[in-house]
Structure formats: C-alpha cells, structure tokens
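Chemist:
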Amino acid sequence: MQSRFLTYLFRRVLQAVPLLLLVVVITFLLVHAAPGDPVDVLSGQMETAPEYREQLRREFGLDRPLYVQLGRYVAKVTSLDLGYSLRYRVDVFDLIMSRLPATLLLMGTSLVLSSAIGILLGAFAARHPYSAADNAATLVALAGYSMPVFWLGQLLLLLFALNLGWFPTQGMASLRAPAEGWGRAFDIAHHLALPALTYSVYNLTLIFRLTRARMQETLAEDYITTARAKGVSEGAVVFRHALRNALLPVVTVIGLTFGFMLAGSVLTETVFAWPGLGRLMYEAIMARDYPILMGLFIFISSLVIVANVITDVIYALIDPRVVYK
Amino acid sequence: MQELLRVEDLTTHIFTPAGVVRAVEGVSLRIRPSEAVALVGESGCGKSMTALSLMRLVRPPVRILGGRVWFKGRDLLALSEAEMRMVRGGEIAMVFQDPMTFLNPVFRVGDQVAEAICIHQGLGRRAAEAGALEALRHVKIPAPEAVVHYYPHQLSGGMRQRVLIAMAVACRPALLIADEPTTALDVTIQAQIMALLSDIRRELGSALLLISHDLGLVAEYCDRVYVMYAGEIVEEADVFGLFKGPQHPYTAALLKSSLNIDHRVAAFEAIEGQPPNLIAPPPGCRFHPRCPRAFEPCSRSAPPVVTLEGGRVARCWLHEDGR
Ligand SMILES: Nc1ncnc2c1ncn2[C@@H]1O[C@H](COP(=O)(O)OP(=O)(O)O)[C@@H](O)[C@H]1O
Ligand code: SF4
Ligand SMILES: [Mg+2]
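Those sequence lines, one after another, are chains A and B. The numbering used here puts the last residue of the first sequence at 325; the count rises by one with no breaks. The numbering used here puts the last residue of the second sequence at 323; the count rises by one with no breaks.
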C-alpha cells in the first residue's frame, strides 16, 4: 500500500511536467505573436538602450530559427531565469519571490478560514435542512456568492477602516510597529483581517453551499442507516460517518478554487494595497512591464498545476477507493 | 405467552409532495425469545418501513404516527433518544439488504465492527479491535487478521454481508432483524449466508425477524409467519399451517406464485394485478381489486381480523363467521 502510494505520487508529479512545459511554450508563443519586435516585449517596451536590445537579441537568439529560440527560452525558464524588469531593476524571479510570502499568507489564511467555517456551517445546515437558520445561511451565502470582490472590499474598507477606524486601510505592516516578535505578528494580523475577510467570502459561500448539498445527499445514504442502527450518536453520525464522505468532492473544489483565488488576488490586493503577487500584477499591467507579466503568468500557472497535484494526492489519501494508477 | 417484542398498532406514514404514503397501517406482531419469525409480502408493502419504525430509524419525511413497541417490558417509542441508542445495535440489531451500500466506503471494516462493540460494551479501542477480529472470525471470514484492515470495496458481496452480520451479532442482541439479507447476493452464496445467520442466532439464542420474499427460506428457517399486504398484516400463522392451508386469498396467491418448476417453494413471482397505490389504497379490503374470491362486502368495508383455530389470524371477510 505504502509503496503503491509513493509510485502514484511520483507519477502524478511526472504528469505535471508536460503541463508546465506547455505553459512556457504558450508564453513563448505570446511573445512572438505580439506585433512588432519581440525585443520590445522582452525588454518591457521602454525606451531601452541599444546595447541592452543587442544583449537581449543575443541572449534569446532572436536571429536564430524559432525552435532554437524556444529551446533557449525553455532552458532559461527551467533555470528559474524569468527575465529582468527594467522598471524595478531587479530579476523577475527575485521580485516574484519577494512578493510571494504576502500572497501566501493572505491566501492561506482565507483558505483555512473559509474551508473550516464553510464546512462546519454546511454540515450544520444539512442537519437541519430548511430550518430558519439554514434558510438564513443559504440566503446570505447566495448574496456573498454573487457579490463582486472589489465592491465588497471597498465596502469593508469604507466601513471598518475609514469610518470606524478599527482596522488599517492598507499595506501589511505599520511603519511604527515593532520589527519582530508578537508585536509584529499582531500588527500583520491586524492588517490581514479585512483583506482576508474579503478574500474569503466567495470561497466560504462556495464551500458552504457545496458541503451542505453533499452532506444532505450523504445523510440519505444506506451506510448512515447502518451507523444509526448500531447505536452511533447523531453527532458522530454527522461528523464521523457522513462528513468524511461528503468532503471528498469538497476537497477537489477547494483545490480548484486555488486558481480562482490567485485571479481574485489582483482585486483584493489592489483594494487593500497588499504587497503580494496580485498587486504586483496590477502594477505590471499598469506599467506594461511584460517581463514581469510573463514571469507572473508562468509562475502562477505553475502554482495552479502544483496545487492540482496536491489536491489529487490529498484526495487519494482520504478516499480509499482511489485506484493508484 | 412470554414475549420479547410486541408491536401494537404501529402506524408510519411518509409525507411526500405527492401525498401521504400509508406505508405501515396499524401493524401488530409478537416475537418470543429465540423465536424465528418471518415478515413476507410483495415489494413495497411496507416491510422495511415496519422494521425501521420499530428501531426508530425513520427520518423525515417518514413519521411514526402511533402505536407501541414493547420490548422487554419497555415501550421503545417512549424512550429518550439516548436510551434508544443503547437498544440499537445492542439489544436489537439489524442486517440490511444490500451489503454494497450499507457499509461506509471510507472506513476499514474492522473499525466499523469495532465501533459497535465500543458503543455497547464500553470497551477501549484495543479491546474493541480484538472483539471485531473475534466477530469476523465468528462469521467465518477467511483470514480475519487481514480483512479487518480492508475497505469495503476490497471485499466481495458475500464477504461484505458477513461483515454486516458480524457487526450486528457482535454485541449479542436479543433480537436480530434481517431485511432481505440475501436478496442482493449471488444465488450461489445466498444459502451460505442464510445458514450462517441462522446458526449464529441459534448459538446466541437471539430471536430473528426475517424479512423476505423467499418462501423457501421462510419455510426452512422460521417458526411463524406474518403476511403483509399494502401496509397491513393480513395473515399470521405458524409455518406448517401456512404452507398446508393459507387462510387468506393473498397468502394463497403468494404460495401459488412461489412454486417453481420442480414444485419446490422459492421466491414468489409477480402475482396477478398491480400492487395498490399506498397514497390512496383501495377502500374496504385493500386486496379486493386483485382478489379472485372477492364478494360484495369486500369493496365496501374493511374486513374483520379473525382469530382462527390454533391461534392463526386472518384479515378477510371469508372468515367473518370465525371459521
Ligand atoms: N423515502 C420515501 N419516500 C416516499 N415513499 C417511500 C419512501 N420510502 C419508502 N416509500 C414507500 O413506502 C412503501 C413501503 O416501502 P418499504 O417498507 O420499503 O417496502 P418493502 O416492503 O419493499 O420493504 C412503498 O410503497 C414505498 O414506495
Ligand atoms: S376480504 Fe374479500 S377481497 Fe379481501 S381477501 Fe378476503 S375475500 Fe378477498
Ligand atoms: Mg424492503
């Protein structure tokens, strides 16, 4: 069993490689499909010094046949060279890595929060279907589900940060805050609250609705009757026997929403000036900084692919029926 | 007569958007300690609902509307939910029809058996696991030390049914309810499973309520029979009496349809006519539209429940004068 699982894990990781390559190839093709000289795209379309243009031409082999160029590009990207941003005067990969922790913190917090709360509420609502509390929760969830993220973010910002002053309006840390220890952690958490909430609403409602629907179906399964027939208490029926089965598709959806969350990060991080990848993407779009945009495209696509592999592996761990092939 | 279980006037309806399904309508039955009793009738007549109701396992939109379920001197319908939980799986256990869907797919079978032992014998995890192993051995599962670690999908239908039986008998219930325990299985293993079930319950001294439409099994394994039609018990008799001379026309029809080509009793085939709609059952005798012997009172008023010679009971106008 153990070794079969490891083989499965290895296979799943291997299967991700062609996908990652495809992402790089698409990026390459986009550069070349753009009108005009690829150097304009690669350099960030700024007024660049002729020497730098010459250097790019040599580096990417732009005078060589297309397949050689592709080969070089793939080689560069696989050695984590995502190009150079003239605007920031830094290596794109380094820039992305410096912005990654902020996004991971924000995404991680809201993913954990929205999953935990969404699953608990969903399980509760399924136990008392069509009760007043369930109907209210369903209505609120529908509202949250259909609310535009940036609008919600600005609403929260207006109310809790500007009017009530309970939370800071932007950024990830205050200038006057302690540089380390609990003081710093608290300061970051304080800044994190509103963007994390904004970020969570969509996922929370999605996970709530899905869990509730799946729980209702699962509670009608025959093996739930078996559990009750052997004297299992109602709480254990719901949280031990039903929840684990009901969560199987929920896990898949949480994995898939990862990609949507990254897309949503542009909006949330821009509203709250959160110094993460989404904010970086916004800045790069505004500045037409193509090296950064291409780097982000490759990096975020890779994150999504990796997230999907992780999701599959978790699914295989919790569903014994998955055949490892 | 000393009784283990006495069901009086049990009534369970299902409140569907299409109307109220009168699935169980005033059912009464008795089971003595260690006795094997059969409940037979066509599919959809309310057998499973009767069993689930007396275990109080029905959920909305199904509701128990009335009746008493006396078990060891207590009315189960009046117990608190916590008290009832101790009865379920402890004093009354149930084996279900389809071993494919009645085991939880994400738990190891050993753990599923151990859970029942944990609940009713107050044992710790280790002891319960040992008990589960013992229970699997009891139901003659080969290599039980390995099988405790299996998931349901790794077992054949027959093996899964053995697991369900192990789960049910692990706590030595006084009453075992088996709802068509072999219907979903391969013909070749039906006999094995039924023999196993019967052996174990004899050994434990448990009473058995066997729900079945296989009159061959009923004849072989049961002492008494209740025949159910459209939510009502229409005949009650000991097995010999029933097969020798059915007193209700429906029982006669069932017997006739269950004689197979070599004139042995087996599962009954479809009998003539449609089973009634339980939302709007026929007036008078519910069987009258299909009854070959129906006469004028049958469609007008409900037939009397008549106690006949030897304590047999039939619900039919033919016995109005008590014969
Ligand atoms: N959940 C349900 N909703 C509506 N009708 C149901 C439901 N469950 C059972 N019934 C109906 O109740 C009647 C009795 O069902 P059941 O007790 O399962 O019959 P059986 O004798 O085959 O075990 C049937 O007519 C069936 O159609
Ligand atoms: S009461 Fe009438 S219809 Fe009903 S079984 Fe008897 S004879 Fe047939
Ligand atoms: Mg049934």
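We treat Cβ as the ideally placed atom computed from N, Cα and C, and that holds for glycine.
1. Strictly closer than 7 Å from CB to any heavy atom of ligand 3: give me those residues in the order they appear in the chain.
2. Report yes if the C-beta of B/Phe107 is less than 7 Å from at least one heavy atom of ligand 4; otherwise report no.
3. Start and end of the beta strand (DSSP E) containing B/Leu278?
4. Assuming contact is defined by CB atoms lying nearer than 8 Å, are A/Asp210 and A/Tyr145 in contact in what I supplied?
5. Have a look at A/Leu19 and A/Glu54 and give me their C-alpha separation to the nearest angstrom.
6. Just list the beta strand (DSSP E) runs in the stretch 195 to 277 of chain B, keeping only unbroken ones of 3 residues or longer that don't cross its boundaries, in chain order.
7. Grab the span of the beta strand (DSSP E) containing B/Glu115 for me, first residue to last.
8. Check whether the stretch 310 to 317 of chain A and the stretch 2 to 16 of chain A are in contact - that is, three or more C-beta pairs closer than 8 Å.
9. Go ahead and label A/Ile285 buried or exposed: buried means 16 or more other beta carbons lie within 10 angstroms of its beta carbon, across all protein chains shown.
10. With 16 as the cutoff for other CB atoms within 10 Å, does A/Phe167 come out buried or exposed?
11. Run through chain B and tell me which residues come within less than 7 Å of A/Ser233, C-beta to C-beta.
12. Please report whether the beta-carbon of B/Glu115 lies at a distance below 8 Å from any beta-carbon of chain A.
13. Would you identify the three-state DSSP class for B/His149, choosing helix, strand or coil?
14. Quick check: the Cα distance between A/Ala179 and A/Ala236, rounded to an integer number of angstroms?
15. Of all the residues that make up the stretch 64 to 82 of chain A, which are near chain B by a beta-carbon distance shorter than 8 Å?
16. Tell me whether the beta-carbon of A/Leu82 lies closer than 8 Å to the beta-carbon of A/Phe93.
17. Considering only the alpha carbon of each residue, which of B/Arg137, B/Gln2, B/Leu308 lies closest to B/Arg30?
18. Put B/His138 into one of helix, strand or coil per three-state DSSP.
19. Can you pull the chain A residues whose beta carbon is under 7 Å from the beta carbon of B/Asp98, in chain order?
20. Mind checking whether A/Ser43 and A/Leu62 have CB atoms under 8 Å apart?
21. Using 8 Å as the limit for Cβ to Cβ distance, is A/Thr226 near chain B?
22. Using only CA atoms, which one of B/Glu115, B/Ala174, B/Val109, B/Gly124 lies nearest to B/Glu145?
23. For A/Thr138, which residues of its own chain have a beta-carbon under 8 Å away from its beta-carbon, when the five flanking residues on both sides are left out?
24. DSSP puts B/Asp179 in a beta bridge; with which residues?
25. Listing by chain order, which chain A residues have their CB less than 9 Å from the CB of B/Phe287?
26. Pull the bridge partners of A/Phe186 from the DSSP assignment, please.
27. May I ask you to list the residues that DSSP assigns as paired with A/Phe299?
28. Along chain B, which residues have their Cβ under 9 Å away from the Cβ of A/Ala123?
29. Any contact of the stretch 242 to 254 of chain A with the stretch 274 to 281 of chain A, i.e. 3+ C-beta pairs under 8 Å?
30. How about B/Gly41: is its Cβ closer than 7 Å to a heavy atom in ligand 1?
31. Could you pull out every residue in the same chain whose Cβ sits closer than 6 Å to the Cβ of A/Met281, ignoring the five residues on either side in sequence?
32. For B/Thr11, does the three-state DSSP call read helix, strand or coil?
33. So with CB distances below 8 Å, who are the chain A contacts of B/Phe102?
34. Could you work out which residues of chain E lie near A/Asp319, taking near to mean beta carbons separated by less than 9 Å?
35. Nearest to B/Phe287 by CA position, among B/Ala78, B/Met86, B/Val234, B/Gly310, is which residue?
36. B/Pro276 and B/Pro282: beta carbons closer than 8 Å?
Modeler: The structure says:
1. Selection output, chain order preserved: B/Ser43, B/Lys47, B/Ser48, B/Gln97, B/Asp179, B/Glu180, B/Ile211.
2. Only ligand 1, ligand 2 and ligand 3 can be found as ligands here, which leaves ligand 4 out of the picture.
3. Walking along the second sequence from the start, residue 278 of chain B turns up at place 278. From DSSP, B/Leu278 is part of no beta strand (DSSP E); its letter is neither H nor E.
4. Walking along the first sequence from the start, residue 210 of chain A turns up at place 210. Walking along the first sequence from the start, residue 145 of chain A turns up at place 145. It is worth fixing the name first, because residue 210 of chain A is Leu in this sequence and not Asp. Taking 8 Å as the Cβ cut-off, A/Leu210 and A/Tyr145 do not qualify as a contacting pair.
5. Numbered from its first residue, the first sequence carries residue 19 of chain A at position 19. Numbered from its first residue, the first sequence carries residue 54 of chain A at position 54. Here the alpha carbon of A/Leu19 sits roughly 32 Å from the alpha carbon of A/Glu54.
6. Secondary structure remark: continuous beta strand (DSSP E) runs of at least 3 residues inside the stretch 195 to 277 of chain B, in chain order: 207 to 212, 224 to 229, 232 to 238.
7. Your numbering for residue 115 of chain B matches position 115 in the second sequence. Per DSSP, B/Glu115 lies in no beta strand (DSSP E); the unbroken alpha helix (DSSP H) holding it starts and ends at 109 to 121.
8. Because the criterion of three Cβ pairs below 8 Å is met, the stretch 310 to 317 of chain A and the stretch 2 to 16 of chain A touch.
9. Locating residue 285 of chain A in the first sequence gives position 285, counting from the first residue. Per the 10 Å Cβ criterion, exposed.
10. Walking along the first sequence from the start, residue 167 of chain A turns up at place 167. By the neighbour-count rule (16 or more Cβ atoms within 10 Å), A/Phe167 is buried.
11. Taking the first residue of the first sequence as position 1, residue 233 of chain A is located at position 233. Those are Arg85, listed as they occur along chain B.
12. Along the second sequence, read from residue 1 onward, the residue named residue 115 of chain B stands at position 115. Closer than 8 Å to some Cβ of chain A, the Cβ of B/Glu115 qualifies, so yes.
13. The residue labelled residue 149 of chain B in the question sits at position 149 within the second sequence. DSSP places B/His149 in the coil class of the three-state scheme, outside both helix and strand.
14. Here residue 179 of chain A is taken as the residue at index 179 of the first sequence, counted from 1. Here residue 236 of chain A is taken as the residue at index 236 of the first sequence, counted from 1. Approximately 46 Å, taken between the alpha carbons.
15. Here the close residues number zero.
16. Taking the first sequence and counting its residues from 1, the one referred to as residue 82 of chain A is at position 82. Taking the first sequence and counting its residues from 1, the one referred to as residue 93 of chain A is at position 93. Their beta carbons are under 8 Å apart, which means A/Leu82 touches A/Phe93 by this criterion.
17. If you number the second sequence from 1, residue 30 of chain B lands on position 30. Ranked by Cα distance from B/Arg30, the options B/Arg137, B/Gln2, B/Leu308 are led by B/Gln2.
18. Taking the second sequence and counting its residues from 1, the one referred to as residue 138 of chain B is at position 138. Note: B/His138 maps to helix in three-state DSSP.
19. Counting from 1 along the second sequence, the entry for residue 98 of chain B is found at position 98. Under the 7 Å cutoff, chain A gives Asp222.
20. Numbered from 1 along the first sequence, position 43 holds the residue referred to as residue 43 of chain A. Numbered from 1 along the first sequence, position 62 holds the residue referred to as residue 62 of chain A. Result no, Cβ atoms of A/Ser43 and A/Leu62 do not sit closer than 8 Å.
21. The residue given as residue 226 of chain A occupies position 226 in the first sequence. Flagged as an interface residue toward chain B: A/Thr226, by a C-beta distance shorter than 8 Å.
22. Locating residue 145 of chain B in the second sequence gives position 145, where the first residue counts as 1. Looking from the CA of B/Glu145, the closest CA among B/Glu115, B/Ala174, B/Val109, B/Gly124 belongs to B/Val109.
23. Position 138 of the first sequence, counted from the start, is the residue given in the question as residue 138 of chain A. Correct list, in chain order: Ala125, Arg209, Arg212.
24. Your numbering for residue 179 of chain B matches position 179 in the second sequence. Note: B/Asp179 sits in a beta bridge opposite B/Ile211.
25. In the second sequence, counting from the first residue as 1, residue 287 of chain B sits at position 287. Per Cβ cutoff of 9 Å: no residues; B/Phe287 is ~30 Å from chain A at best.
26. Working through the first sequence from its first residue, we reach residue 186 of chain A at position 186. In DSSP, A/Phe186 forms no bridge with anything.
27. For the purposes of this step, residue 299 of chain A is taken as the residue at position 299 of the first sequence. Within the DSSP secondary-structure output, A/Phe299 pairs in no beta bridge.
28. Residue mapping note: residue 123 of chain A aligns to position 123 of the first sequence, counting from 1. Residues of chain B passing the Cβ test: none, with the nearest at roughly 16 Å.
29. Counting Cβ pairs under 8 Å, fewer than three are found: no touch.
30. As a first step, residue 41 of chain B is located in the second sequence; it is residue number 41 there, counting from the start. Ligand 1 approaches B/Gly41 closely enough that one of its heavy atoms is under 7 Å from the residue's Cβ.
31. Counted from its first residue, the first sequence places residue 281 of chain A at position 281. Taken in chain order, the residues that qualify are Val266, Leu296.
32. One-based indexing of the second sequence puts residue 11 of chain B at position 11. If DSSP states are grouped into helix, strand and coil, B/Thr11 belongs with the strands.
33. The residue labelled residue 102 of chain B in the question sits at position 102 within the second sequence. Residues of chain A whose Cβ lies closer than 8 Å to the Cβ of B/Phe102 are, in chain order, Asp222, Tyr223, Thr225, Thr226.
34. Absence of chain E from the displayed structure is noted, the protein chains being A and B.
35. The residue you call residue 287 of chain B lines up with position 287 of the second sequence. Of the candidates B/Ala78, B/Met86, B/Val234, B/Gly310, the one whose C-alpha sits nearest the C-alpha of B/Phe287 is B/Val234.
36. Within the second sequence, the letter at position 276 stands for residue 276 of chain B. Within the second sequence, the letter at position 282 stands for residue 282 of chain B. Result yes, Cβ atoms of B/Pro276 and B/Pro282 sit closer than 8 Å.
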